[in-house]
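Single-structure report; data block below.
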Amino acid sequence: AQTVTQSQPEMSVQEAETVTLSCTYDTSESNYYLFWYKQPPSRQMILVIRQEAYKQQNATENRFSVNFQKAAKSFSLKISDSQLGDTAMYFCAFMKHGTNAGKSTFGDGTTLTVKP
Amino acid sequence: ETGVTQTPRHLVMGMTNKKSLKCEQHLGHNAMYWYKQSAKKPLELMFVYNFKEQTENNSVPSRFSPECPNSSHLFLHLHTLQPEDSALYLCASSQDPRQGINPPYFGEGSWLTVV
Chain A
5 AQTVTQSQPE MSVQEAETVT LSCTYDTSES NYYLFWYKQP PSRQMILVIR QEAYKQQNAT
65 ENRFSVNFQK AAKSFSLKIS DSQLGDTAMY FCAFMKHGTN AGKSTFGDGT TLTVKP
Chain B
2 ETGVTQTPRH LVMGMTNKKS LKCEQHLGHN AMYWYKQSAK KPLELMFVYN FKEQTENNSV
62 PSRFSPECPN SSHLFLHLHT LQPEDSALYL CASSQDPRQG INPPYFGEGS WLTVV
């Protein structure tokens, strides 16, 4: 079974600053995917960024980027130029290749507050 | 995003009531899921449907009854619920997992309060 750990229950950052959310996972699989989801107060889980484990290059989506360290089983999310709209709970998720996406393993989440 | 829509967004029901939650996806996906999200608890997968067939039931009490009439619609029928069932119920969908990276896409959730 896979586990996903987000060690920071809460974080805060000043607007326009950069913040990094940590995520570690444990698996014996070699082929898998990792995701970060954002859940704002509206409660919809929004996919922020995805990473294939076989790709060494870190994924980037506009102000969001990841630092994927496969050997260390670490998958942190960096948010640059933080905006007030980034205030949300962020979930890290693991998905084994070839399985139903719904069976992804989610971390407990990190609540991020962006302060003006 | 409006690819996955859930109704109603808020529902208050008594313990003896019967109600249903509805989910509809417009993404052409063929797998759909129900999750329960409670405060201070991790996201809990309840049911998995692939091509309208239920492939997983994670020991969910029978007072929750899912229905998937087609690949685009998913229902969660509720009856004789308990106060501890109060939570946010999220629906999600995804493409065939055998076709590579296909993360779940979520709806906005249905807030359920059992009184």
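Order-wise, the sequence lines are chains A and B.
Take 5 as the starting number for the first sequence in our numbering and just add one per residue.
Take 2 as the starting number for the second sequence in our numbering and just add one per residue.
Heads up, the beta-carbon is just placed ideally off N, CA and C, and yes, glycines get one too.
Whose C-alpha, out of B:M16, B:L22 and B:R10, is nearest the C-alpha of F76 of chain B? Mapped onto the second sequence, residue 76 of chain B falls at position 75. Among B:M16, B:L22 and B:R10, the Cα nearest to that of F76 of chain B is on B:L22.
Contact defined as beta carbons within less than 8 Å: I believe R67 of chain A pairs with L89 of chain B. What is the distance between those atoms, to the nearest angstrom? Counting from 1 along the first sequence, the entry for residue 67 of chain A is found at position 63. Counting from 1 along the second sequence, the entry for residue 89 of chain B is found at position 88. Between L89 of chain B and R67 of chain A the Cβ distance is about 27 Å, and since that is not below 8 Å, they are no contact.
Can you check whether the CB of Q7 of chain B is closer than 7 Å to the CB of C92 of chain B? Taking the first residue of the second sequence as position 1, residue 92 of chain B is located at position 91. Taking the first residue of the second sequence as position 1, residue 7 of chain B is located at position 6. The answer is yes: Cβ separation under 7 Å.
How big is the Cα-Cα spacing for L116 of chain A and P62 of chain B? Walking along the first sequence from the start, residue 116 of chain A turns up at place 112. Walking along the second sequence from the start, residue 62 of chain B turns up at place 61. Straight-line Cα distance between these residues: approximately 34 Å.
Would you check if there are 3 or more beta carbon pairs closer than 8 Å linking the stretch 16-33 of chain B to the stretch 80-93 of chain A? Contact fails: fewer than three Cβ-Cβ distances are below 8 Å.
Whether L28 of chain B touches Y36 of chain B by CB criterion (7 Å): Taking the second sequence and counting its residues from 1, the one referred to as residue 28 of chain B is at position 27. Taking the second sequence and counting its residues from 1, the one referred to as residue 36 of chain B is at position 35. The Cβ-Cβ distance between L28 of chain B and Y36 of chain B does not fall below 7 Å.
Whose CA, out of A:Y37, A:Q87, A:K77 and A:A76, lies closest to the CA of Q18 of chain A? Here residue 18 of chain A corresponds to residue number 14 of the first sequence, with the count starting at 1. Of A:Y37, A:Q87, A:K77 and A:A76, the residue nearest in Cα terms is A:Q87.
With 7 Å set as the bound, which would you pick, yes or no: does the beta-carbon of G106 of chain A sit closer than that to a beta-carbon of chain B? Along the first sequence, read from residue 1 onward, the residue named residue 106 of chain A stands at position 102. So yes, G106 of chain A belongs to the interface.
Proximity of E65 of chain A and I53 of chain A at Cβ, strictly below 7 Å: The count along the first sequence starts at 1 and reaches residue 65 of chain A at position 61. The count along the first sequence starts at 1 and reaches residue 53 of chain A at position 49. Yes, Cβ-Cβ distance for E65 of chain A and I53 of chain A is below 7 Å.
From the DSSP output, in three-state form, read off A75 of chain A for me. Here residue 75 of chain A refers to the residue found at position 71 when the first sequence is read from its first residue. Looking at A75 of chain A - three-state DSSP - the assignment turns out to be coil, as it is neither helix nor strand.
Limits of the unbroken beta strand (DSSP E) element including I53 of chain A: On the first sequence, position 49 is the one that residue 53 of chain A refers to. I50 to E56 is the extent of the beta strand (DSSP E) around I53 of chain A.
For N71 of chain B, count neighbouring Cβ atoms within 10 angstroms of its own Cβ and tell me buried if that reaches 16, exposed if not. Counted from its first residue, the second sequence places residue 71 of chain B at position 70. It counts as exposed.
Does D90 of chain A come within less than 7 Å of chain B when only Cβ atoms are used? What you label residue 90 of chain A is simply residue 86 of the first sequence in a count that begins at 1. Not flagged as an interface residue toward chain B: D90 of chain A, since no C-beta distance is shorter than 7 Å.
With 7 Å as the limit, tell me which residues of the stretch 14-27 of chain B have their beta carbon closer than that to any beta carbon of chain A; keep them in chain order. If the cut-off is 7 Å between Cβ atoms, the stretch 14-27 of chain B has nothing near chain A.
So, is Y58 of chain A buried or exposed, given that buried needs 16 or more other C-beta atoms within 10 angstroms? As a working note, residue 58 of chain A is residue 54 in the first sequence. So Y58 of chain A ends up on the exposed side.
From the DSSP output, in three-state form, read off K42 of chain B for me. Numbered from its first residue, the second sequence carries residue 42 of chain B at position 41. Coil, per DSSP.
Determine the chain A residues that contact P43 of chain B at a beta-carbon separation under 7 Å, and present them in chain order. The residue you call residue 43 of chain B lines up with position 42 of the second sequence. Near P43 of chain B (Cβ distances below 7 Å), the residues of chain A are F110 and D112.
At a Cβ cut of 9 Å, what residues of the stretch 87-116 of chain B count as close to chain A, listed as they run along the chain? Per Cβ criterion, the list reads L89, L91, A93, S94, S95, Q96, P98, R99, G101, I102, N103, P104, P105, Y106, F107, G108, E109, G110 and W112.
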